[in-house]
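In my numbering, the protein residues as written are 1 to 316.
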């Protein structure tokens, strides 16, 4: 029985690497490029598809803030190789060094570049629960990434933050930049979002996806996600850098993400609480027109519903 449980756990942990596996044959090479969000805040928007050698595992969004004496980098990449690519994108904007790295989450492409920047003198910051999840998942992440990016993982060392902040919320100032750091635990336990109140910008991490459907994974918590999305609404930022998709605003974030959380809970969660048939429920809510245009919908929506149903069935 224990071996069955261990096998199931391994499969659950590896799920993020198994979904959306795409052919890399015709995929263009991704070159990270910074775009100005506002003031001294920049975003680096990654592609929407799966991790690959062509994108070096940078299929997510990153960002940075140029301060008076250096750069604050939001998330460090999937490897030492991809961290160097992010560093190059920053250098195209400013010659100032990356002195601080902030991890918004525990997925591989959020933090496996930490060691690269730490060796170059950067402080690496994360919330305590983020670090806890990183420690639990890193072996599976390293193995999974090797399948996708191969030799690009060479020289990568899984290093957690050397500056750890207690959850669930932290206010800090780095080189004059005020930061409100809020735990979301939406996509993975310990995930966070970073609010820059003076710039009216939020880096949401994997709480928000736009242009593509969000993924509900075995460690995800859709109820926490919906609650924290409402917190995002109260912050009322002018600019949102989502975990995936273009730099956007609250209107699109609500349309592509907030409304989807509501849809899953109001329909699939309610059906599970009513003890309806899972098969009939998944068929009934399989084609919500308001979300079918989002990239990866056909691959992820049914699996998302299944996980929400099982969650609400076990925890009504």
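All C-beta atoms in this analysis are idealised placements derived from N, C-alpha and C, irrespective of residue type, glycine included.
Annotation for residue 299: the continuous alpha helix (DSSP H) segment containing it runs 297-314. Of the residues 308, 296, 243, the one whose Cα lies closest to the Cα of residue 264 is 308. In the three-state DSSP reduction, residue 61 falls in the strand class (E or B). Contact check for residue 40 against residue 65 passes: the beta carbons are separated by less than 7 Å. For residue 188, there is no enclosing alpha helix (DSSP H), since its DSSP letter is neither H nor E. In the three-state scheme derived from DSSP, where H, G and I count as helix and E and B as strand, residue 210 is classed as coil. Between residue 70 and residue 203, the C-beta gap is not smaller than 7 Å, which leaves the two residues out of contact. A check of alpha carbon separations from residue 181 across 187, 189, 188, 167 identifies 167 as the nearest. Counting along the chain, the unbroken alpha helix (DSSP H) around residue 223 starts and ends at 222-235.
In the three-state scheme derived from DSSP, where H, G and I count as helix and E and B as strand, residue 243 is classed as strand.
Pairwise C-beta distances place the region 240-253 out of contact with the region 279-289, as fewer than three of them are shorter than 8 Å. Within the region 74-112, the complete alpha helix (DSSP H) segments at least 4 residues long are 80-91, 108-111, listed from N- to C-terminus. Residue pairing by DSSP places residue 127 opposite 165 in a beta bridge. Fewer than three pairs of CB atoms, one per stretch, sit closer than 8 Å, so the region 85-92 makes no contact with the region 156-176. The Cβ atoms of residue 80 and residue 155 sit closer than 7 Å to each other.
The region 128-143 makes no contact with the region 89-99; the number of CB pairs closer than 8 Å stays below 3. The C-beta of residue 197 has fewer than 16 other C-beta atoms within 10 Å across all chains shown, which makes the residue exposed. Under the 10 Å beta carbon count, residue 50 is surrounded by 16 or more other beta carbons and is classified as buried. Straight-line measurement puts the Cα of residue 211 at about 13 Å from the Cα of residue 251. Using a 10 angstroms sphere on the CB of residue 283, the tally of other CB atoms stays under 16, which defines it as exposed.
Boundaries for residue 248: no beta strand (DSSP E) harbours it, and the DSSP string shows neither H nor E there. Residue 78 and residue 164 have their C-alpha atoms spaced approximately 20 Å apart. Counting of Cβ neighbours within 10 angstroms places residue 296 among the buried residues, the total reaching 16 or more. Counting along the chain, residue 261 sits inside the alpha helix (DSSP H) bounded by residues 259-263. Straight through space, the alpha carbons of residue 107 and residue 139 are spaced by roughly 12 Å.
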